[in-house]
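Visitor:
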Amino acid sequence: MRVRVCVCVCVRACVCVCVCVCCQMRFLLLFSRQGKLRLQKWFTAMSDRERKKIIREMTTMVLARQPRSSNFLQWKDLKIIYKRYASLYFCLGVEAQENELLALEIIHRYVELLDKYFGNVCELDIIFNFEKAYFILDEFLMGGEIQETSKQTVNRCIEASDMLQETMEEYMSKPAF
Amino acid sequence: MSPSVPLQEMIRAIRSARTQCEERGVIQRECAAIRAQFRQNDNGSRSHNLAKLLYVHMLGYPAHFGQMECVRMIASPRYSEKRVGYLGAMMLLDEKQDASLLITNSIKNDLSHSNQYIQSLALCTLACMGSAEMCRDLAPEIDRLLRSANSYIKKKAALCAVHIVRKVQDLGELFVSAARSLLSEKNHGVLHGAVVLITELCERNPETLERFRKTVPDLVQIMKGLVISGYSPDHDVAGVSDPFLQVRILRLLRVLGRNNETASDAMNDLLAQVATNTDSTKTVGNAVLYETVLTVLDIKSESGLRVLAVNILGRFLLNNDRNIRYIAMTSLQKIVVTDHNAVQRHRGTIVDCLKDQDASVKRRALELSLALVSASNIRSMMKELLVFLSSCPLELKAQAASGIFIAAERYAPSQRWHIDTILHVLTTAGGDVRDETVPNLIQLITNTSELHCYTVHKLYRALLEDISQQSLVQVACWCIGEYGDLLLRGECQETEPVQVTEDDVLDALETVLQSHMSSPATRGFALTATMKLSTRISDNVDRIRSIVSIYGSCIDLELQQRAVEYNALFKKYDHMRAAVLERMPVIQRNSSGQNSEDASEETIKEIQVTKVKQEDVFLLSVFQVCDLLDLLSGPQEPLQPSLAPAQPISTTTAAGGDLLDLLGLIYRSPTVTIYEKHGVTLTLGCEQESDSGLLATLTASNSSDSDISSFTLQAAVPKVRLSVFVSELEQIMRNIKDGSIGVDGLSLNLFLILKYEITGINREGASTPNSLFLSFFKSGHDVLHLRSFSLFRCRTDLIEVIT
Chain H
1 MRVRVCVCVC VRACVCVCVC VCCQMRFLLL FSRQGKLRLQ KWFTAMSDRE
51 RKKIIREMTT MVLARQPRSS NFLQWKDLKI IYKRYASLYF CLGVEAQENE
101 LLALEIIHRY VELLDKYFGN VCELDIIFNF EKAYFILDEF LMGGEIQETS
151 KQTVNRCIEA SDMLQETMEE YMSKPAF
Chain A
1 MSPSVPLQEM IRAIRSARTQ CEERGVIQRE CAAIRAQFRQ NDNGSRSHNL
51 AKLLYVHMLG YPAHFGQMEC VRMIASPRYS EKRVGYLGAM MLLDEKQDAS
101 LLITNSIKND LSHSNQYIQS LALCTLACMG SAEMCRDLAP EIDRLLRSAN
151 SYIKKKAALC AVHIVRKVQD LGELFVSAAR SLLSEKNHGV LHGAVVLITE
201 LCERNPETLE RFRKTVPDLV QIMKGLVISG YSPDHDVAGV SDPFLQVRIL
251 RLLRVLGRNN ETASDAMNDL LAQVATNTDS TKTVGNAVLY ETVLTVLDIK
301 SESGLRVLAV NILGRFLLNN DRNIRYIAMT SLQKIVVTDH NAVQRHRGTI
351 VDCLKDQDAS VKRRALELSL ALVSASNIRS MMKELLVFLS SCPLELKAQA
401 ASGIFIAAER YAPSQRWHID TILHVLTTAG GDVRDETVPN LIQLITNTSE
451 LHCYTVHKLY RALLEDISQQ SLVQVACWCI GEYGDLLLRG ECQETEPVQV
501 TEDDVLDALE TVLQSHMSSP ATRGFALTAT MKLSTRISDN VDRIRSIVSI
551 YGSCIDLELQ QRAVEYNALF KKYDHMRAAV LERMPVIQRN SSGQNSEDAS
601 EETIKEIQVT KVKQEDVFLL SVFQVCDLLD LLSGPQEPLQ PSLAPAQPIS
651 TTTAAGGDLL DLLGLIYRSP TVTIYEKHGV TLTLGCEQES DSGLLATLTA
701 SNSSDSDISS FTLQAAVPKV RLSVFVSELE QIMRNIKDGS IGVDGLSLNL
751 FLILKYEITG INREGASTPN SLFLSFFKSG HDVLHLRSFS LFRCRTDLIE
801 VIT
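Here the protein sequences come in this chain order: H and A. With full-length UniProt numbering, letter number 95 in the first sequence gets 95, and the count goes up by one each step, no holes. With full-length UniProt numbering, letter number 452 in the second sequence gets 452, and the count goes up by one each step, no holes.
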């Protein structure tokens, strides 16, 4: 049974001195239907208290939405794009100039990457292998921007890093004699 | 990759805890174990321990004791430990922590590692949480990596550079040349990173923007390649080739084309091609179209392209997908001011969106509908808006009500319609309107005297139906008090009259007074209204007297005071009662709105702010002095200082033309320099325009090196002087007729105030008003000579400045 995970990618837009066109992601949150956090990625420096506050507010706001409403919300000066995939909500906070439809595509792309890696990804996969979810995210997004637009390339890089880790682990755990 | 068993066991243990307390217990035990492990030296399970700690951190528990462990693990030679160490650094450390500085050296070493995956870890961490100091330290490294041969590293280095530029703007210079060369890459990831970097650089530095404008043809080429190219399995998303890159390039084109004709022209074709060729059935295609529309509307595109863009937005409005309708309305909101007519074409669809289920869509539709209201569609729009008001969610009610009021005020086709609309709003959303609605409405009612009868009938009926909406009840009470006699008369032209007896009216007011729903303010209104009726009705004055006396012992202080005073009015000052309680006069409108707007427009006409450019001599054509000299033929009109309002001050060459026409003048006085300071010279020439007209021309020129801004000229006539002038004139006139004296000494004093600012030169007193006092006198029949002029500081107490 394929569980589709919703990826909320918070894209923080960069607010420049001139009129800002480039948008940066601010945060990406994944949380369950009960409001439990499964993944958090922050693309700007923020204190722990601020982060907790944002997590609380996002969970409340997104979980209160009606089932067939639009995927976009306005929160303070940020746009929130969220999408639900099975039991997970993916929530992306971006700055005002971001293209919301593209943000939805970003979320979808991340879900596809997770799906390819875990094979029919479900929420439990992300719970028990959260560090791998982060590694995949770090191959896809960086500093609040997309770093690789090709799915195959990202998958190849993840596999290669995993191979590297395994070989080194095997090497390290081999007895000295 | 094999899962971390210890980590998974811990996660299982935590999840199987049944209560919060149990979970806390498990976590405390685990954290203690982890801490103990950290204190031990190198063992094989360091990465597992840190991963466990990160999980605990994600659940919301404190994990700061892991920060040093992260630093140590990052420095470890093992890849698995480095990986988790960097992850921990990104999660636990941020630039505010001191420990983050300790990893700078590790990052530096890792950036030059032979293994690209280790390099990428360092780059990723730097881009995620690099502080300003770290960025400064490592910027040259990043620049070197931008030129490496490895595209994997190049794309990451590009995004790292983006982060550095965002943190420390000055370092942007360092990356310009590398960014430029990256544009010729074939690898999409690198290209994407390059485009993001260039966008960032261009936005922060206008000079860099100028340099990168030359890349527009290259970008257009790349974009064309993407749009026309066939299916590429690597980058295709639902039929669109690499939409992420396309959107990024479009954004960069937007930045480059803004306010620049040449760049905008170069991309016109491309934008048209993208707009027409992109498949809009899926979200991806719509994302690209959306970005294209935003770009077209932002650059200096040709009108055909703009129409195409607005049409795309119109198509979006009809899309079934709610998201697309939402963004269409957001974009239309941005252009409703500039391309008003284009947006008006889609008014029907927008109004339909008011009925949408989704709250965000409703909000956008409301804002857009209010912006689209105009004089031609006010009636139909108002119908829709009133329907919306009765069913809209609570958070939008206040905004809708105030929007309706503003629209009604601006475009009301008739007074009766205006009053009806306001009453309708009060009945449906009376609790959410602003406080000043009640006085505004009362003022509106008093101003339309022909509708008093109609209004009071309508309000009475509304009052009978519902007394819970406080604003409505307040206005109704006030009207009944004021126009109660009209109500009782029982005849009305506009609406079907209701046969009302005095008892009915007093019953209604008493219900309001006694109801628990009425606020103290409303009760005050009702009591005063009851009192006012005592002069307008004939039979039940005793009843009123008793009502009023009851409230003399009311607990509410305000009501009690009112009742006591009204009682006194009945008892001791009965002779004054009729006078005190008669009809209110028309209230002067002093609120903001059309009146003040008109006034300000007139002001702008008279005070002209002009820019004096170097070497530019323009003519300030001056007010007609003739008006004053008209007095020579007799005082015809009241002596207003009628100089400036007569003639708008113009600075175009047309004015010059007019003046040159005056070459037909017979008499001319030579041009006299009357002011010379800071490079600003003011000369005056007088020409006789007609028998009774004299044109004085002031010419201002700037001979200094700098620009002068905010140049203002004001003219004034001393009021006192003027009236004296009149009597003198009459005397002189008589004397002239008598032939006894020659015309001499008829002085006309003109007071000019110049204000200007010289940029770049800091002069004392340069921006304070410098004043000129010009005194003319007329000698002989026609010639006006300048008698004297002097320069002195402005004394506003003596003069009345004409604005």
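Every residue, glycine too, gets a C-beta built ideally from N, C-alpha and C.
I need the straight-line Cα distance from A:Phe-244 to A:Met-58, nearest angstrom please.
Guide: Their Cα atoms are separated by approximately 30 Å.
Visitor: Within the segment 509 to 546 of chain A, note down every full alpha helix (DSSP H) run reaching 4 residues or more, in order along the chain.
Guide: Segments of the alpha helix (DSSP H) lying fully in the segment 509 to 546 of chain A: 520 to 536.
Visitor: Strictly under 8 Å for the Cβ-Cβ distance: is A:Glu-95 near chain H by that measure?
Guide: Yes, A:Glu-95 counts as interfacial toward chain H.
Visitor: Anything in chain H within Cβ reach of A:Leu-53, meaning under 7 Å, just list it in chain order.
Guide: In chain order: nothing, as chain H lies at least about 11 Å away.
Visitor: Mind checking if A:Cys-160 is an interface residue toward chain H, Cβ cutoff 8 Å exclusive?
Guide: Answer yes: the Cβ-Cβ gap between A:Cys-160 and chain H drops below 8 Å somewhere.
Visitor: If contacts are defined as beta-carbon pairs under 8 Å, then H:Ile-136 and H:Ile-158 qualify, I think. What distance do you get, rounded to the angstrom?
Guide: Sure, about 6 Å apart at Cβ, within 8 Å.
Visitor: Give the DSSP bridge partners of A:Asp-236, in chain order.
Guide: A:Ser-241.
Visitor: What in chain A is Cβ-close to H:Gly-35, meaning under 9 Å?
Guide: None at all; the shortest Cβ gap to chain A is about 11 Å.
Visitor: So is H:Asp-115 in contact with chain A if we call contact Cβ pairs under 8 Å?
Guide: No, its Cβ sits nowhere closer than 8 Å to a Cβ of chain A.
Visitor: Any residues in the segment 186 to 206 of chain A with a beta carbon nearer than 8 Å to a beta carbon of chain H? Which ones, in chain order?
Guide: The residues in question are His-188, Gly-189, His-192, Gly-193, Val-196, Thr-199, Glu-200, Glu-203, Arg-204, Pro-206.
Visitor: If the cut-off is 7 Å on Cβ atoms, which residues from the segment 241 to 254 of chain A count as contacting chain H, listed in chain order?
Guide: Listed in sequence order: Asp-242, Pro-243, Phe-244, Leu-245, Val-247, Arg-251, Arg-254.
Visitor: Would you mind giving the Cβ-Cβ distance between A:Ser-369 and A:Val-351, rounded to the nearest angstrom? I have them listed as a contact below 8 Å.
Guide: About 6 Å; that satisfies the 8 Å criterion.
Visitor: Within the continuous alpha helix (DSSP H) that includes A:Phe-212, where are the two ends?
Guide: Counting along the chain, the alpha helix (DSSP H) containing A:Phe-212 begins and ends at 206 to 212.
Visitor: Using the three-state DSSP reduction, which class does A:Ile-555 fall into: helix, strand or coil?
Guide: Correct three-state label for A:Ile-555: coil.
Visitor: Give a yes or no on whether the C-beta atoms belonging to A:Ala-179 and A:Arg-147 are separated by under 8 Å.
Guide: It is not a contact, given that the beta carbons lie outside the stated cut-off.
Visitor: Is it right to say H:Leu-124 is buried, meaning 16 or more other beta carbons lie within 10 angstroms of its own, or is it exposed?
Guide: The residue in question, H:Leu-124, is exposed, as its Cβ has fewer than 16 Cβ neighbours within 10 Å.
Visitor: Per the contact definition of three or more C-beta pairs closer than 8 Å, is the segment 96 to 106 of chain H in contact with the segment 68 to 82 of chain H?
Guide: These segments touch.
Visitor: Enumerate in chain order the residues of its own chain whose CB-to-CB distance from A:Asn-762 is below 7 Å, with the five nearest sequence positions on each side excluded.
Guide: Bear in mind that the predicted position of A:Asn-762 carries a pLDDT of just 40, short of 50, making it too unreliable to give a figure here.
Visitor: Could you work out which residue in H:Phe-118, H:Gly-93, H:Ser-150, H:Ser-69 is closest to H:Leu-30 when comparing CA atoms only?
Guide: Comparing Cα-Cα distances from H:Leu-30 to each of H:Phe-118, H:Gly-93, H:Ser-150, H:Ser-69, the minimum goes to H:Gly-93.
Visitor: I'd like to know if the segment 259 to 269 of chain A and the segment 229 to 242 of chain A are in contact, where contact means that at least 3 CB-CB pairs between them fall below 8 Å.
Guide: No: the two stretches stay apart, fewer than three of their Cβ pairs being nearer than 8 Å.
Visitor: Grab me the residues of A:Ile-587's own chain with a C-beta within less than 8 Å of its C-beta, minus the 5 sequence neighbours each way, in chain order.
Guide: Around A:Ile-587: Ile-442, Gln-443, Thr-446, Asn-447.
Visitor: Name the two residues that bound the continuous beta strand (DSSP E) containing H:Val-121.
Guide: Per DSSP, H:Val-121 belongs to no beta strand (DSSP E) and is neither H nor E.
Visitor: Are there 16 or more other CB atoms within 10 angstroms of the CB of residue 185 of chain H, so buried, or fewer, so exposed?
Guide: Shown here, chain H extends from 1 to 177; a query on residue 185 of chain H therefore has no answer.
Visitor: So A:Thr-283 contacts chain H; which residues on that side make the cut at Cβ distance below 7 Å?
Guide: Correct list: Leu-101, Leu-104, Glu-105.
Visitor: Would you mind working out which of A:Leu-297, A:Leu-87, A:Ile-327, A:Ser-280 sits nearest A:Val-337, comparing C-alpha positions?
Guide: It is A:Leu-297.
Visitor: Restricting to Cα atoms, I'd like to know which of A:Thr-697, A:Ser-701, A:Leu-684 is closest to A:His-678.
Guide: It is A:Ser-701 whose Cα lies nearest to the Cα of A:His-678.
Visitor: At the 8 Å Cβ level, is H:Ile-146 part of the contact set with chain A, yes or no?
Guide: Output row for H:Ile-146: interface = yes.
Visitor: Just the C-alpha distance for A:Thr-19 and A:Gln-28, rounded to the nearest angstrom, thanks.
Guide: Approximately 14 Å between the Cα atoms of the pair.
Visitor: With DSSP as the reference, please indicate the residues paired to A:Asn-105 in a beta bridge.
Guide: Answer is none; A:Asn-105 lacks a bridge partner.
Visitor: Can you find a C-beta in chain H that's less than 8 Å from the C-beta of A:Glu-615?
Guide: Per-residue confidence for A:Glu-615 stands at a pLDDT of 33, beneath the threshold of 50, marking its modelled position as unreliable; no derived number is given.
Visitor: Flag this pair as yes or no: are the beta carbons of A:Ser-549 and A:Asn-567 separated by less than 8 Å?
Guide: Contact: yes.
Visitor: Taking contact to mean 3 or more Cβ pairs, one atom from each stretch, closer than 8 Å, check whether the segment 202 to 210 of chain A and the segment 185 to 192 of chain A are in contact.
Guide: Touching, no.
Visitor: Given a limit of 8 Å on CB to CB distance, which residues of the segment 44 to 60 of chain H reach chain A?
Guide: Here the close residues are Ala-45, Met-46, Ser-47, Lys-52.
Visitor: Can you name, in chain order, every residue of its own chain whose Cβ lies under 7 Å from the Cβ of H:Gln-165, other than the five neighbours on each side?
Guide: Excluding residues within five positions, none has a Cβ falling inside 7 Å.
Visitor: Taking Cβ-Cβ distances below 9 Å as the criterion, which residues of the segment 8 to 22 of chain A are in contact with chain H?
Guide: Under the 9 Å Cβ criterion, the segment 8 to 22 of chain A contributes Gln-8, Ile-11, Arg-12, Arg-15.
Visitor: Hey, does H:Ser-69 have any beta-carbon neighbour from chain A nearer than 8 Å?
Guide: Interface residue, yes.
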